[in-house]
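Here is the structure we will look at.
Structure (structure tokens):
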């Protein structure tokens, strides 16, 4: 399976993290986020609709993965003080790639 090359540096930039204390944890979230996006759109990210002509994962899906890593990183405990809401930006980024059921 071809999966998007999401790097630790890319994730840390998106999260505005400069320290290295959580690098191993962040790295563990990347495959989880990729799997979540694939499950959400009901297709693998190496499906032709998800790839550019150069074979790279399309930018909206890359951004959705980064957003999901951020969500997993920020909400790493099972109990939250504040209410958790769905992210409409994530939904819009992934909407056109979702496999539609019959």
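Residue numbers (this note's numbering): 259 to 360.
In this text, a Cβ means the ideal position worked out from N, Cα and C, and glycines have one as well.
Going by C-alpha distance, which of the options is nearest residue i?
i: residue 325; options: 310, 356, 287, 302; result: 287
i: residue 268; options: 357, 359, 317, 346; result: 317
i: residue 355; options: 312, 304, 333; result: 304
i: residue 299; options: 277, 310, 323; result: 323
i: residue 321; options: 275, 281, 278, 292; result: 292
i: residue 294; options: 313, 263, 327; result: 327
i: residue 353; options: 280, 296, 262, 313; result: 296
i: residue 319; options: 308, 359, 263; result: 308
i: residue 262; options: 289, 329, 282, 281; result: 289
Once you ignore the five residues that flank residue i on each side, which residues in its own chain have a CB closer than 7 angstroms to its CB?
i: residue 331; result: 273, 284, 287
i: residue 334; result: none
In the DSSP assignment, what residue or residues form a beta bridge with residue i?
i: residue 309; result: 315
DSSP on residue i, reduced to helix/strand/coil?
i: residue 289; result: helix
i: residue 270; result: helix
i: residue 355; result: coil
i: residue 347; result: helix
Excluding five sequence neighbours on each side, which residues of the same chain lie with their C-beta closer than 6 angstroms to the C-beta of residue i?
i: residue 301; result: 357
Give me, in chain order, the residues of the same chain whose beta-carbon lies closer than 8 angstroms to that of residue i; leave out the 5 immediate sequence neighbours on both sides.
i: residue 276; result: 270
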